[in-house]
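Top line first, the protein sequences correspond to chains A and B. Note that my numbering has the first sequence beginning at 201, numbered continuously upward. Note that my numbering has the second sequence beginning at 13, numbered continuously upward. Beta carbons are placed, not taken as given, at the ideal position from N, Cα and C, and that holds for glycine.
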Amino acid sequence: GAVVSQHPSRVICKSGTSVKIECRSLDFQATTMFWYRQFPKQSLMLMATSNEGSKATYEQGVEKDKFLINHASLTLSTLTVTSAHPEDSSFYICSANPHRRPNEQYFGPGTRLTVT
Amino acid sequence: RKEVEQDPGPFNVPEGATVAFNCTYSNSASQSFFWYRQDCRKEPKLLMSVYSSGNEDGRFTAQLNRASQYISLLIRDSKLSDSATYLCVVNPPTGRRALTFGSGTRLQVQP
Chain A
201 GAVVSQHPSR VICKSGTSVK IECRSLDFQA TTMFWYRQFP KQSLMLMATS
251 NEGSKATYEQ GVEKDKFLIN HASLTLSTLT VTSAHPEDSS FYICSANPHR
301 RPNEQYFGPG TRLTVT
Chain B
13 RKEVEQDPGP FNVPEGATVA FNCTYSNSAS QSFFWYRQDC RKEPKLLMSV
63 YSSGNEDGRF TAQLNRASQY ISLLIRDSKL SDSATYLCVV NPPTGRRALT
113 FGSGTRLQVQ P
């Protein structure tokens with residue numbers, strides 16, 4: 201089956217620091233990856249669509265300069281939360297569409313970010 | 013109006029009960045529909061796709077009514093391990109293939 205990994209699974213950082221989260225498709229190539237955010241007791245909200253080799257597409261209300269996305273290869277996308285603040289504390293989940301099976305989507309295990 | 017709406021629950025049912033979840037979606041041009049299951053502090057996992065003709069997978073039955081823009085999930089003979097949040101998910105017709113999630117319905121199966 202298709203496997204997506206995320207690293208780190210959990211991170212605690214101080215306010216003002218930057219945090220990088222990696223999303224990897226382990227056994228398939230993904231031209232498109234998605235980044236979601238989920239606050240407690242709320243639904244997953246799409247933050248941005250990451251396309252390999254091009255700029256990410258951000259959803260309305262998501263600051264592209266704060267949430268930097270890089271999709272440098274067909275198996276890796278990174279999300280960097282810059283100058284993190286406590287309100288950025290959330291569960292960040294990536295997902296990926298296999299290049300050859302674009303109607304399927306596989307989720308990473310998520311990264312729990314806590315900003316103190 | 014939210015793109016995908018669900019009753020948040022929680023639904024507290026005894027083991028062996030039958031429970032049904034409902035969901036409505038706002039975009040009539042939506043193309044594909046799913047039920048995902050999410051355990052506490054975990055990523056969502058695909059439970060089943062939903063087809064217009066209705067489909068069944070063991071104790072789980074999903075139905076889609078395109079005219080009413082309504083999706084349902086029926087769980088028969090509930091098990092303790094069914095306790096989770098069930099997410100109604102829609103793939104909108106935007107071509108970007110990002111999924112739109114409902115807020116989820118929490119199910120607690122009790123012994």
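DSSP three-state call for A:Pro240: helix, strand or coil? Reduced to three states, the DSSP call for A:Pro240 is coil.
Out of A:Thr316, A:Ala202 and A:Tyr292, point me to the one whose CA is closest to A:Phe239's CA. When each option's Cα is compared against that of A:Phe239, the closest is A:Tyr292.
Using 8 angstroms as the limit for Cβ to Cβ distance, is B:Glu68 near chain A? Judged by the 8 angstroms Cβ criterion, B:Glu68 is not in contact with chain A.
6 angstroms Cβ shell around B:Phe33 - same chain, five flanking residues per side excluded: Spatial neighbours of B:Phe33 in its own chain (CB-CB distance under 6 angstroms, excluding positions within 5 residues in sequence) are listed in chain order as Leu85, Tyr98 and Thr117.
Which complete beta strand (DSSP E) runs does the region 15 to 62 of chain B hold, if anything under 3 residues is left out? The region 15 to 62 of chain B is shown to contain whole beta strand (DSSP E) runs of 3 or more residues at 16 to 18, 23 to 26, 31 to 37, 44 to 50 and 57 to 62, in chain order.
What three-state label does DSSP hand A:Leu276 in the structure shown? DSSP, reduced to helix, strand and coil, places A:Leu276 within a strand of the structure shown.
Excluding the 5 residues flanking B:Ser42 on each side, which residues of the same chain have their C-beta closer than 7 angstroms to its C-beta? In chain order, Val102, Asn103, Pro104 and Pro105 place their CB closer than 7 angstroms to the CB of B:Ser42, counting only its own chain and leaving out the 5 sequence neighbours on each side.
Is A:Thr311 closer than 8 angstroms to A:Arg210 when the C-beta atoms are compared? Contact: yes.
Report the residues of the region 17 to 43 of chain B with a CB closer than 7 angstroms to any CB of chain A, ordered along the chain. Flagged: no residues at all.
Boundaries of the beta strand (DSSP E) in which A:Ser205 is found, first to last residue: Segment Val204 to His207, the beta strand (DSSP E) holding A:Ser205.
On a CA-only basis, which of B:Asp51, B:Ile87, B:Gln50 and B:Lys54 is nearest B:Asn67? Give me that one, please. With distances taken between Cα atoms, B:Asn67 lies closest to B:Ile87.
Quick one, which residues of the region 264 to 280 of chain A are near chain B if we go by CB-CB under 9 angstroms, in chain order? Contact annotation: in the region 264 to 280 of chain A, no residue has its CB less than 9 angstroms from a CB in chain B.
Mapping DSSP to helix, strand and coil, what is A:Glu259? In the structure shown, A:Glu259 falls within a coil segment according to DSSP collapsed to helix, strand and coil.
Is B:Pro56 close to chain A, meaning its C-beta is less than 8 angstroms from at least one C-beta of that chain? Yes, its Cβ sits closer than 8 angstroms to a Cβ of chain A.
To the nearest angstrom, how far is it from the Cα of B:Ser64 to the Cα of A:His285? Computed Cα separation, rounded: 45 angstroms.
Taking C-beta pairs closer than 8 angstroms, name the residues in chain A that B:Ser115 reaches, listed in chain order. Against chain A, a Cβ distance below 8 angstroms from B:Ser115 picks out Gln242 and Ser243.
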